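Taking UniProt numbering, the leading residue of the sequence shown gets 1, the next gets one more, and so forth. Just so you know, even glycine gets a beta-carbon here, dropped at the ideal spot from N, CA and C. Bear in mind the structure is a predicted one, so any value in this text is a computation, not a measurement. For reference, the structure is listed below as structure tokens.
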Amino acid sequence: MYISFTFLTTLNRACKQESRTSMPEPVNHQVNAARKTFQTLHQISKLLNTNLDPSTLSICVRLCENGVNPQALATVVKELQREVKVLNSTQSGSAPSKASLNK
Numbered sequence: 001m002y003i004s005f006t007f008l009t010t011l012n013r014a015c016k017q018e019s020r021t022s023m024p025e026p027v028n029h030q031v032n033a034a035r036k037t038f039q040t041l042h043q044i045s046k047l048l049n050t051n052l053d054p055s056t057l058s059i060c061v062r063l064c065e066n067g068v069n070p071q072a073l074a075t076v077v078k079e080l081q082r083e084v085k086v087l088n089s090t091q092s093g094s095a096p097s098k099a100s101l102n103k
């Protein structure tokens, strides 16, 4: 479970650059470009083992677009992932080790 500050910063920059188009384009082209950009971001996310599904990644993108600090967002996401892991291991009956919680 690794989500890096660099990934979220890059994500934030990519989203801002996408929104700075100087010439109006047909809506279909904009939708296709946005879809392709998001697919690329999701692939990067998977390569970095962030464990973010497309809907969660979409929320992170929107938060960055609206000015949320990427480093703070990364910290929150990692903490939520850690808490989910603890809850899942508690429900399955096995206590997680300290080493697995710090990942």
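Using only alpha-carbon positions, find the residue among the options that is nearest to residue i.
i   : options            : result
T50 : R13, Q81, T90, S89 : Q81
P54 : L47, G67, N66, F38 : F38
V61 : R35, G93, L47      : R35
V77 : L57, T90, G93      : L57
From what residue to what residue does the alpha helix (DSSP H) around residue i run?
i   : result
N69 : From DSSP, N69 is part of no alpha helix (DSSP H); its letter is neither H nor E.
T40 : 27 to 47
Answer with yes or no whether the minimum CB distance from residue i to chain C is below 7 angstroms.
i   : result
L80 : Going by chain labels, chain C is absent from the structure shown, which holds only one protein chain.
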